[in-house]
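**Q** Same order as they appear, the protein sequences are chains E and L. Anchor point for the first sequence: position 55 equals 177 in the numbering used here, and the numbering is continuous, going up by one each time. Anchor point for the second sequence: position 9 equals 131 in the numbering used here, and the numbering is continuous, going up by one each time. C-beta: ideal position from N, C-alpha, C; glycine also. Note that the structure is a prediction, hence the values are computed from the model and not measured.
Protein chains: 2
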Amino acid sequence: MKGKIRTLLVDDHKIIRDGIRSILEMDENINIVDEAKDGTEALNIIARHNGKIDVVVLDINMPGLSGIDTTEIISKLYPKIKVLGLTMHKQHAYIVKMMEAGALGYVLKDGGGDQLIEGLKTVFQGKNYYSTEVTNTLVNGFVKKQQSKNEDFGLTKREVEIVKYVSEGLSNEEISKKIELSSRTVETHRRNIIKKMGVKNTAQMVARAIKKGVLK
Amino acid sequence: MKGKIRTLLVDDHKIIRDGIRSILEMDENINIVDEAKDGTEALNIIARHNGKIDVVVLDINMPGLSGIDTTEIISKLYPKIKVLGLTMHKQHAYIVKMMEAGALGYVLKDGGGDQLIEGLKTVFQGKNYYSTEVTNTLVNGFVKKQQSKNEDFGLTKREVEIVKYVSEGLSNEEISKKIELSSRTVETHRRNIIKKMGVKNTAQMVARAIKKGVLK
DNA sequence: CAACACGTACGTATTAATACGTACGTTTTT
DNA sequence: AAAAACGTACGTATTAATACGTACGTGTTG
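#1: Tell me which same chain residues have a C-beta within less than 6 Å of the C-beta of D133(E), skipping the five on either side of it?
#2: List the residues of chain E that N294(L) touches, going by C-beta distances under 7 Å, in chain order.
#3: Answer yes or no: do K322(E) and L292(L) have a C-beta to C-beta separation smaller than 9 Å?
#4: Mind reading off the beta-carbon distance from L206(L) to A225(L)? Whole number of angstroms is fine, and I expect it under 8 Å.
#5: Have a look at the DSSP bridge pairing and note the partners of L230(E).
#6: Go ahead and label H135(E) buried or exposed: buried means 16 or more other beta carbons lie within 10 angstroms of its beta carbon, across all protein chains shown.
#7: Using the Cα positions of H171(E) and K243(E), report the straight-line distance between them to the nearest angstrom.
#8: Where does V225(L) fall in DSSP's three states?
#9: Considering only residues of the region 274-304 of chain L, which uninterrupted beta strand (DSSP E) runs meet the minimum length of 3 residues and lie entirely inside it, listed in chain order?
#10: Assuming the contact rule is C-beta atoms closer than 8 Å, Y200(L) and I167(L) should be a hit. Round their C-beta distance to whole Å, please.
#11: By Cβ distance below 7 Å, which residues in the same chain neighbour V282(E) in space, the five residues on each side in sequence not counted?
#12: With DSSP as the reference, label K126(L) as helix, strand or coil.
#13: Which residues in chain E have a C-beta closer than 8 Å to the C-beta of G335(L)? List them in chain order.
#14: Can you tell me which of S305(L), Y252(L) and N314(L) puts its alpha carbon nearest to the alpha carbon of F275(L)?
#15: With the cut-off set at 9 Å, would you say K112(L) and I190(L) are in Cβ contact?
#16: How about A329(L) and S298(E): do their beta carbons lie closer than 9 Å?
#17: Of the residues S304(L), I316(L) and L303(L), which one's Cα is nearest the Cα of V285(L)?
#18: In chain order, what residues of the same chain lie with their CB nearer than 8 Å to the CB of E150(E), ignoring the 5 residues before and after it?
#19: With distance defined between alpha-carbon atoms, name the residue in Q326(E), G141(E), L130(E) and E302(E) nearest to G233(E).
#20: Can you find a CB in chain L that lies within less than 9 Å of the CB of V132(E)?
#21: Nearest by alpha-carbon distance to L277(E): which of M319(E), Y216(E), V229(E) and G227(E) is it?
#22: Let's see if you can read the secondary structure: which residues bound the alpha helix (DSSP H) around N166(E)?
#23: Check whether the Cβ of I332(E) lies closer than 9 Å to any Cβ atom in chain L.
#24: Note down, in chain order, every chain L residue with its Cβ under 9 Å from the Cβ of A329(E).
#25: Please go through the same chain and pick out, in chain order, the residues whose beta-carbon is closer than 8 Å to the beta-carbon of N250(E), but skip the five residues on each side of it.
#26: So which of M184(E), N153(E), V179(E) and G161(E) has the shortest CA-CA distance to G241(E)?
#27: Do we get a CB-CB distance below 9 Å when we pair K198(E) with the residues of chain L?
#28: Closer than 9 Å, CB to CB, is K322(L) near chain E or not?
#29: Could you list which residues in chain E have their beta carbon closer than 7 Å to that of A325(L), in chain order?
#30: With distances taken between CB atoms, is the gap from D176(L) to F246(L) smaller than 9 Å?
#31: Ordered along the chain, which non-local residues of its own chain (more than five positions away) have a Cβ less than 7 Å from that of S153(E)?
#32: Decide if E194(L) is buried, meaning its Cβ has at least 16 other Cβ atoms within 10 Å, or exposed.
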């Protein structure tokens with residue numbers, strides 16, 4: 123590692139900034155170049171440093187420009203700067219939004235100092251870092267979603283195939299040509315599928331099939 | 123911790139079982155009570171122990187009864203037994219299936235001994251454990267999926283409303299009654315939506331709307 | 001003020017989907 | 001061997017969707 127990791131601290135509470143600073147300064151490879159109390163100030167400071175900052179440790183819940191918006195702006199204006207999200211809450215929605223906005227990592231405030239340091243170093247290398255609590259939340263949410271799916275209504279292979287084509291916008295006629303069948307057969311399949319799934323028509327059939335994970 | 127963690131090792135390769143054993147036995151809190159070379163044998167051994175096993179460390183890729191099926195059976199027959207998945211591959215599909223089957227944790231074989239021990243202890247406490255490589259795969263996949271969504275095709279509020287009703291299986295006529303409109307207007311909306319989204323018909327419209335996250 | 005998007009709505013004609021019954025050979029299950 | 005599920009297919013009639021053009025009041029934006 124050549125030189126220290128130039129770090130910018132952003133949080134609206136001074137006490138928290140002080141806490142983070144004291145944790146990060148224990149590591150000799152980390153250099154906190156500045157602090158900001160909100161997103162706007164952070165952007166100004168980054169500009170003042172000509173973008174020569176490696177990592178921004180950023181609180182999500184801030185007054186004014188939100189952490190998510192700030193992250194989005196930073197990652198667009200300065201793609202080289204890595205953002206490490208920091209929060210008290212491990213809500214699913216927040217995490218996903220931060221990731222979408224361009225943050226590389228996400229650490230909980232009550233996660234301990236070592237997680238913070240590890241996270242900072244990891245994102246500095248351009249890799250993703252999610253603290254354990256965060257990943258558990260995410261993965262559990264993900265698995266739950268998956269579980270709520272996987273209701274295949276006892277559709278046969280052929281029937282799933284038909285649903286797939288229907289969802290791609292093909293008519294019975296077009297499907298029949300594609301898989302060399304009578305369009306009447308495709309029609310029968312469609313009817314049977316609708317019956318099996320207990321839906322009213324094709325539109326609902328497609329909707330439910332996708333939501334329940336019948337289609338990949 | 124009262125007594126050692128009674129552990130059962132399941133893997134079809136003896137060499138790997140030996141390797142895992144040597145790693146786990148370094149920890150004084152872990153006691154490997156038995157080994158099995160496949161799912162069937164594992165179930166027999168568990169029965170012979172009257173279910174008095176704390177954690178089963180289970181390879182996913184096994185001949186005969188698969189790791190996923192074995193996990194499912196174990197977690198149904200012996201809900202108290204915790205399963206820690208073990209694999210060489212970090213494919214998304216495998217991980218999700220293991221979670222669905224009831225595994226509490228998931229560790230990669232090339233993840234190092236400390237991960238294995240940490241994972242075992244964590245699932246023993248009834249908590250989830252996913253090794254870093256695994257979570258990165260999962261979370262990245264998840265974030266990507268989220269990102270691939272959020273294309274709203276510039277649909278208006280009214281149009282999104284129509285799509286929602288259509289996906290619920292309502293006809294133009296039914297929608298028109300529901301929101302007090304002429305069915306001809308609903309029809310026009312439907313036509314405009316299809317045009318805006320660049321799809322061929324209602325079925326594809328619904329499919330794409332759901333996949334792209336237009337509907338919640 | 002003109003242009004544009006939005007939501008509303010109709011006319012006319014064509015195409016596609018739906019409803020319901022029926023049928024039959026093949027494979028799978030009991 | 002009998003029963004059930006699967007995939008195949010047709011007849012007939014009705015309902016819904018699609019295509020394409022047109023129109024008009026309201027609000028917004030250039």
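**A** On the basis of the data shown:
#1: Residue 133(E) sits at position 11 when you count from the first residue of the first sequence. Only R139 and D181 meet the Cβ criterion.
#2: The residue given as residue 294(L) occupies position 172 in the second sequence. Within chain E, no residue comes near N294(L); the closest Cβ sits about 11 Å away, beyond 7 Å.
#3: Stepping through the first sequence from its first residue, residue 322(E) is reached at position 200. Stepping through the second sequence from its first residue, residue 292(L) is reached at position 170. Closer than 9 Å, so yes.
#4: Stepping through the second sequence from its first residue, residue 206(L) is reached at position 84. Stepping through the second sequence from its first residue, residue 225(L) is reached at position 103. At roughly 7 Å, the Cβ-Cβ gap stays under 8 Å, so L206(L) and A225(L) are in contact.
#5: Here the question's residue 230(E) lines up with position 108 in the first sequence. Bridge partners of L230(E): T209(E).
#6: Along the first sequence, read from residue 1 onward, the residue named residue 135(E) stands at position 13. Exposed, because fewer than 16 other Cβ atoms sit within 10 Å of the Cβ of H135(E).
#7: The residue labelled residue 171(E) in the question sits at position 49 within the first sequence. The residue labelled residue 243(E) in the question sits at position 121 within the first sequence. C-alpha separation (whole angstroms): 21 Å.
#8: Within the second sequence, the letter at position 103 stands for residue 225(L). It is worth fixing the name first, because residue 225(L) is Ala in this sequence and not Val. Coil at A225(L), not helix or strand.
#9: You should have found no qualifying run.
#10: To locate residue 200(L), count along the second sequence from 1; it is residue 78. To locate residue 167(L), count along the second sequence from 1; it is residue 45. That pair is no contact at about 12 Å.
#11: Taking the first residue of the first sequence as 1, we reach residue 282(E) at position 160. Here the set comprises V336.
#12: Residue 126(L) sits at position 4 when you count from the first residue of the second sequence. Of the three classes helix, strand and coil, the one that applies to K126(L) here is coil, per DSSP.
#13: Your numbering for residue 335(L) matches position 213 in the second sequence. None at all; the shortest Cβ gap to chain E is about 12 Å.
#14: By 1-based counting over the second sequence, the position of residue 275(L) is 153. Residue N314(L) is the option with its Cα nearest to F275(L).
#15: Any property of residue 112(L) remains undetermined from this structure, which presents chain L solely from 123 to 338.
#16: Position 207 of the second sequence, counted from the first residue, corresponds to residue 329(L). Position 176 of the first sequence, counted from the first residue, corresponds to residue 298(E). For A329(L) and S298(E), no; Cβs fall outside 9 Å.
#17: Here residue 285(L) is taken as the residue at index 163 of the second sequence, counted from 1. Residue I316(L) is the option with its Cα nearest to V285(L).
#18: Residue mapping note: residue 150(E) aligns to position 28 of the first sequence, counting from 1. Around E150(E): K126.
#19: As a first step, residue 233(E) is located in the first sequence; it is residue number 111 there, counting from the start. It is G141(E).
#20: For the purposes of this step, residue 132(E) is taken as the residue at position 10 of the first sequence. Output row for V132(E): interface = no.
#21: By 1-based counting over the first sequence, the position of residue 277(E) is 155. Residue M319(E) is the option with its Cα nearest to L277(E).
#22: For the purposes of this step, residue 166(E) is identified with residue 44 of the first sequence, where counting begins at 1. According to the DSSP assignment, N166(E) belongs to the alpha helix (DSSP H) that extends over G161 to R170.
#23: Locating residue 332(E) in the first sequence gives position 210, where the first residue counts as 1. By this cut-off, I332(E) is an interface position.
#24: The sequence position of residue 329(E) within the first sequence is 207, counting from 1. Under the 9 Å cutoff, chain L gives V288, S289, E290, G291, V328, A329, A331, I332 and L337.
#25: What you label residue 250(E) is simply residue 128 of the first sequence in a count that begins at 1. Residues of the same chain with a CB within less than 8 Å of the CB of N250(E), apart from the 5 flanking positions on each side, are L226, G227 and T244 in chain order.
#26: For the purposes of this step, residue 241(E) is taken as residue 119 along the first sequence, with counting starting at 1. Checking every option, the nearest Cα to that of G241(E) belongs to V179(E).
#27: Against the first sequence, residue 198(E) aligns to sequence position 76. By this cut-off, K198(E) is not an interface position.
#28: Within the second sequence, residue 322(L) is the residue found at index 200, counting from 1. Yes, because at least one Cβ of chain E sits closer than 9 Å to the Cβ of K322(L).
#29: Counted from its first residue, the second sequence places residue 325(L) at position 203. Listed along the chain, the chain E residues whose CB falls inside 7 Å of the CB of A325(L) are V288, S289, G291, T324, A325 and V328.
#30: Stepping through the second sequence from its first residue, residue 176(L) is reached at position 54. Stepping through the second sequence from its first residue, residue 246(L) is reached at position 124. Their beta carbons are under 9 Å apart, which means D176(L) touches F246(L) by this criterion.
#31: What you label residue 153(E) is simply residue 31 of the first sequence in a count that begins at 1. Checking the displayed sequence, the identity of residue 153(E) turns out to be Asn instead of Ser. Here the set comprises K126, I127, R128 and T129.
#32: Within the second sequence, residue 194(L) is the residue found at index 72, counting from 1. So E194(L) counts as buried.
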